[in-house]
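Q: I'd like to ask some things about the structure below.
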Amino acid sequence: MSPQKHPNLIFKPLEDLEISEVTRRQGECPREMSEILDNKPSWAPLSASQVKEKIAEEQKKPHTTIFAIYSGKEFIGVGEWSANWDTWSPYAWFIVWPEYRRNGFGTSITGTLLEKCFLENPGHEVTTAIAEWNYDAISFINHIGFTDIGKMRRVGMLEGKYFDLLFFDMLKSEFLDRRKGARK
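Now the structure itself:
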């Protein structure tokens, strides 16, 4: 993985202004936001106070941060990094707002999160989960070099049909090999 670097990429705490924007963005990314905010059904968006409450609940977990993602002064998305369950195997997720997608931000954000996991923390593996309907995210995570490690069957419903949750991971050794330019 040779991430496109965005030198002005900044992770900041979520403040009220960003929470208002996250609330508004539910209409643009309803499925993704529903999954991340654990809001079912996706067609019934949360209020600003509900979004704030969901974020506050998640932030109470040890070794967890939810953050606003900026490129310079532009608020381009939101993410989470957590080693709550296992400091050796943290998980991460993020959403880049639709108008900023396909500009290298996802690759740059992923590279930064992997560096934080493997070079600044004791992680030996990072894991992510993607709903099987999210073809763009699956294609992206495969492009980055994550490995498909399994799925949870029928974890949710979309348009009256069950969907699976797919799991992917990357080991520290794989990350370090990719940084050196090695290929699988």
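Each number in the working numbering comes from the position in the sequence shown (counting from 1) with 152 added on. For glycine and all other residues, C-beta sits at the position ideal for the given N, C-alpha and C. Quick caveat, the model's predicted, so the values are computed rather than measured.
(1) How is Gly302 classed by DSSP in three states: helix, strand or coil?
(2) What does DSSP give as the partner residues of Tyr243 in its beta bridges?
(3) Alpha carbons only, please: which of Ile301, Arg306 and Ile228 is nearest the one belonging to Ile261?
(4) Determine the burial state of Arg330: buried for a count of at least 16 other Cβ atoms within 10 Å of its Cβ, exposed for fewer.
(5) Using the Cα positions of Gln211 and Glu170, report the straight-line distance between them to the nearest angstrom.
(6) Reducing DSSP to helix, strand and coil, say where Gly229 ends up.
(7) Using alpha carbons as the reference points, say which of Gly297, Lys213 and Trp195 lies closest to Met322.
(8) May I ask whether a heavy atom of the ligand NAP can be found less than 7 Å away from the beta carbon of Lys204?
(9) Check whether chain C comes within 8 Å of Ala196, counting only Cβ atoms and requiring the distance to be less than that.
(10) Can you name the start and end residues of the beta strand (DSSP E) that Ser223 belongs to?
(11) Could you tell me the alpha carbon to alpha carbon distance between Leu328 and Phe246, rounded to whole angstroms?
(12) Provide the residue(s) that pair with Tyr287 in DSSP beta bridges, ordered along the chain.
(13) Helix or strand or just coil, what does DSSP make of Gly308?
(14) Taking all protein chains shown into account, do 16 or more other C-beta atoms lie within 10 angstroms of the C-beta of Ala244, making it buried, or fewer, making it exposed?
(15) Leaving aside the five residues before and after Ile282 along the sequence, list all residues of the same chain whose C-beta is less than 6 Å from its C-beta, in chain order.
(16) Who are the near neighbours of Ser201 in its chain, counting only those whose CB is closer than 6 Å to its CB and skipping five residues on each side?
(17) Tell me which residues share the same chain as Glu97 and place their Cβ nearer than 8 Å to its Cβ, disregarding the 5 neighbours each side in the sequence.
(18) Give the single residue among Gly256, Pro193, Leu310 and Lys268 whose Cα lies nearest to the Cα of Glu284.
A: In brief:
(1) strand
(2) Ser234 and Thr279
(3) Ile228
(4) Counting other Cβ atoms within 10 Å of its Cβ, Arg330 reaches 16 or more and is therefore classed as buried.
(5) 15 Å
(6) Residue state, collapsed to three classes: strand.
(7) Looking at Gly297, Lys213 and Trp195, the one whose alpha-carbon comes closest to that of Met322 is Gly297.
(8) Only the bare structure without any ligand can be found here, which leaves the ligand NAP out of the picture.
(9) Note that chain C does not occur in the displayed structure, where there is just one protein chain.
(10) Thr216 to Ser223
(11) 22 Å
(12) Per DSSP, none; premise fails for Tyr287.
(13) strand
(14) Ala244 sits buried, since 16 or more C-beta atoms from the chains shown fall within 10 Å of its C-beta.
(15) Ala289, Ile290 and Leu318, listed in sequence order.
(16) none
(17) One cannot answer for residue 97 here, as it falls past the ends of the chain, which runs 153 to 336.
(18) Leu310
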